[in-house]
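A.B. asks: The sequence shown maps to residues -17 to -1, 1 to 411 in mature numbering (1 follows the signal peptide of the UniProt record, and there is no 0).
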Amino acid sequence: MLCYVVLLVSFLSVCESSEFCSVNPGEVNNDCLETSKITARPRFLFYDVNPPEGFNLRRDVYMRLAVMIRKLSEKADWHLVLPPWPKLYHWRSRVSQERLPWSLFFDLESLQAFAPVMDLQQYITEYGVSSIEQVYILQHFKDDWAAGRFEEKQSIGICNETPPYVLEEDGRFSGYFWGFKNLTASNMACLSFHGRAFQLAKFLSESQIRTVMVDHAEVVLHESYGDKEYWQARRSMRFSKKLVEKAVKFRQQVLNSSDEADKTVRPEDWRKEKGGRTALGGPYLCVHMRRRDFLWGRPKEVPSLPSVAQQLRYHLSKLQLNVVFIATDAPDKEFQEIQSALSDYTVVKYIASEDELLEIKDGGVAIVEQIICSHARFFIGTYESTFSFRIQEEREIMGFKPDTTFNSLCGDGSNGSCKQPSRWLAVF
């Protein structure tokens, strides 16, 4: 009898600390008493990324955590809660762009075919929980490479910077929390971290916390970059059907492009993709011409507009194409300058109407551009741009020959010969 009482108290203490297992006074909840059921109760990982990071880097961070949560879910009922998209630096239009759900940009069912994920709003709707039990602010060790070699390690300790969370009078921590003012945290700590995703998975699995958040999740490294599981995660990131339809319509009406003619037909389910090198692409060249911050951040890699026009003319002539699609953050004046320099060719870009912009936002416009570029006969990107890199990945998945994909514009003075992007080939 004494043994039963000790066990009962022990298990009730675990159950009462959880948002998902409650026990009324004087009652016994058998679900809480069975260890197998306790470990099977849902656990949720929330995350956020350094605010200045852009759309395409955030997609990469998602992949690191999706692979990790898939691993965790093999032994416990873990779910990755997707943070709503804030207004990002590159989203320049005046439309409202706060707390955008992932379902606006991506096919959630496709994501869930790889790992258990959900939008934050879905979590709030289903569970109604307004407090996260533990927040870990990830930070780099000050001496990450002091020994001259990679060493995985972690340590809870002093925060390198003032935390963006405030301890309130009620003992809870308030903070940004994606703009939800009623969302708080019970505990907060700074976790110096140097390592890959599975190291973080091990750390999380050693506790019984049901709701945990990692801030600055970009600190976590890929478990194994470029392997089969990496590409499975990447292939699962199918875009929302609405955005795909807009890209299909533009390709058909403006670029004389269709999946059947371009040999880019894909199965509805990414898990049925087989790989290969049979994609042809539409009868147009696509260039991603990054400007703005790259002009001063990477001046040697960003060519002048006359040089861009010269390089495009060379490739158009070589490929015997007459149409070029431009994805760019350049102002209209610069786009028109390229059009003028290539007046004997058709130079186009995707321009969303006001209604479309309200519907799909700047992020949706960028994705439509990426889809169009990924279907081109030939693609030229901007060196070390994550926007270009995401297009290269899409083209790898669809089965284009690498020579048509891994190309970058060359800076002035390079005589058309410059460092080209690394070739990360898809693994099926």
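Even glycine gets a Cβ: it sits at the ideal position worked out from N, Cα and C. Quick caveat: nothing in here was measured; it's all calculated off a predicted structure.
DSSP on Lys255, reduced to helix/strand/coil?
C.D. replies: Counting from 1 along the sequence shown, the entry for residue 255 is found at position 272. DSSP places Lys255 in helix when its eight states are reduced to three.
A.B. asks: For Leu295 and Ala359, which I take to be in contact (beta-carbon distance under 8 Å), what is that distance rounded to the nearest angstrom?
C.D. replies: Indexing the sequence shown from 1 puts residue 295 at position 312. Indexing the sequence shown from 1 puts residue 359 at position 376. Not really, about 12 Å apart at Cβ, beyond 8 Å.
A.B. asks: Rounded to a whole number of angstroms, what is the C-alpha to C-alpha distance between Gln95 and Phe372?
C.D. replies: To locate residue 95, count along the sequence shown from 1; it is residue 112. To locate residue 372, count along the sequence shown from 1; it is residue 389. Roughly 23 Å between the two C-alpha positions.
A.B. asks: Compute the distance between the beta-carbons of Phe97 and Gln215, then report whether it is under 7 Å.
C.D. replies: In the sequence shown, counting from the first residue as 1, residue 97 sits at position 114. In the sequence shown, counting from the first residue as 1, residue 215 sits at position 232. The answer is yes: Cβ separation under 7 Å.
A.B. asks: Just how far apart, CA to CA, sit Tyr119 and Gln105?
C.D. replies: Numbered from 1 along the sequence shown, position 136 holds the residue referred to as residue 119. Numbered from 1 along the sequence shown, position 122 holds the residue referred to as residue 105. Distance between the alpha carbons of Tyr119 and Gln105 is about 23 Å.
A.B. asks: Measure the alpha-carbon distance for Ala226 versus Asp345 and round it to whole angstroms.
C.D. replies: Taking the first residue of the sequence shown as 1, we reach residue 226 at position 243. Taking the first residue of the sequence shown as 1, we reach residue 345 at position 362. At residue 226 the sequence reads Leu, which differs from the Ala that was named. Cα-Cα distance, rounded: 12 Å.
A.B. asks: Sort Asp327, Gln322, Val331 and Ser323 by Cα distance to Ala310 and report the nearest one.
C.D. replies: Indexing the sequence shown from 1 puts residue 310 at position 327. Among Asp327, Gln322, Val331 and Ser323, the Cα nearest to that of Ala310 is on Val331.
A.B. asks: At what residue ranges does the stretch 156 to 202 contain a whole run of the alpha helix (DSSP H), taking only runs of 4 or more?
C.D. replies: As far as the stretch 156 to 202 is concerned, its whole alpha helix (DSSP H) runs of at least 4 residues are 180 to 188.
A.B. asks: So if DSSP puts Val364 in a beta bridge, which residue, or which two residues, is it bridged to?
C.D. replies: Position 381 of the sequence shown, counting from 1, holds the residue named residue 364. In the sequence under discussion, the amino acid at residue 364 is Gly, which differs from the Val named in the question. Answer is Ser391.
A.B. asks: With the cut-off set at 7 Å, would you say Gly364 and His271 are in Cβ contact?
C.D. replies: Reading the sequence shown from its first residue, position 381 is the one you call residue 364. Reading the sequence shown from its first residue, position 288 is the one you call residue 271. Against a cut-off of 7 Å, the Cβ pair of His271 and Gly364 comes out as a contact.
A.B. asks: What residue ranges within the stretch 220 to 277 form continuous beta strand (DSSP E) runs of no fewer than 3 residues, ordered along the chain?
C.D. replies: Entirely contained in the stretch 220 to 277, the beta strand (DSSP E) runs reaching 3 residues are, in chain order, 265 to 272.
A.B. asks: Does the stretch 375 to 395 come within contact of the stretch 270 to 287, defined as at least 3 CB pairs closer than 8 Å?
C.D. replies: Contact holds: three or more Cβ-Cβ distances are below 8 Å.
A.B. asks: Apply the 10 Å Cβ neighbour rule to residue 423 and answer buried if 16 or more other Cβ atoms are within range, or exposed otherwise.
C.D. replies: Given that the chain is displayed from residue -17 to residue 411, the structure contains no residue 423 and the question cannot be resolved.
A.B. asks: Give the secondary structure of Leu91 by DSSP, where H, G and I count as helix, E and B as strand, and everything else as coil.
C.D. replies: Numbered from its first residue, the sequence shown carries residue 91 at position 108. Residue state, collapsed to three classes: helix.
A.B. asks: When you measure from the CB of His298 to every non-hydrogen atom of the ligand ADP, does any distance come out below 6 Å?
C.D. replies: For the ligand ADP, the structure offers nothing, since it holds no ligand at all.
A.B. asks: Would you mind sorting Pro66 into buried or exposed? The rule is 16 or more other CB atoms within 10 Å of its CB.
C.D. replies: Locating residue 66 in the sequence shown gives position 83, where the first residue counts as 1. With 16 or more other Cβ atoms within 10 Å, it is buried.
A.B. asks: Can you tell which of Arg221, Ser405 and Phe181 has the C-alpha that lies nearest to the C-alpha of Ser207?
C.D. replies: The residue given as residue 207 occupies position 224 in the sequence shown. Among Arg221, Ser405 and Phe181, the Cα nearest to that of Ser207 is on Phe181.
A.B. asks: Report the CB separation of Arg42 from Met220 in whole angstroms; it is logged as a contact under 8 Å.
C.D. replies: Against the sequence shown, residue 42 aligns to sequence position 59. Against the sequence shown, residue 220 aligns to sequence position 237. Between Met220 and Arg42 the Cβ distance is about 7 Å, and since that is below 8 Å, they are a contact.
A.B. asks: When the Cα atoms are used, what is the spatial distance from residue 452 to Pro404?
C.D. replies: Here the chain covers residues -17 to 411 and nothing more, so residue 452 does not appear.
A.B. asks: Who are the Cβ neighbours of Arg249 in its own chain at under 7 Å, not counting the five residues just before and after it?
C.D. replies: Residue numbering aside, residue 249 sits at position 266 when the sequence shown is read from its first letter. Same-chain partners within the cutoff: Glu256 and Met381.
A.B. asks: Between which residues of its own chain and Gly158 is the CB-CB distance below 6 Å, once the five residues before and five after are set aside?
C.D. replies: What you label residue 158 is simply residue 175 of the sequence shown in a count that begins at 1. Hits under 6 Å: Pro147 and Tyr148.
A.B. asks: Between the C-alpha atoms of Ala313 and Asp276, what's the straight-line distance to the nearest angstrom?
C.D. replies: Working through the sequence shown from its first residue, we reach residue 313 at position 330. Working through the sequence shown from its first residue, we reach residue 276 at position 293. Their Cα atoms are separated by approximately 10 Å.
A.B. asks: At which residues does the alpha helix (DSSP H) containing Ala216 begin and terminate?
C.D. replies: Working through the sequence shown from its first residue, we reach residue 216 at position 233. First-last of the alpha helix (DSSP H) with Ala216: Lys211 to Arg218.
A.B. asks: Please list, in chain order, all residues of the same chain as Ile354 whose beta carbon is under 6 Å from its beta carbon, the five residues on each side excluded.
C.D. replies: Position 371 of the sequence shown, counting from 1, holds the residue named residue 354. For Ile354, where only same-chain residues beyond five positions count, the Cβ hits under 6 Å are Ala230.
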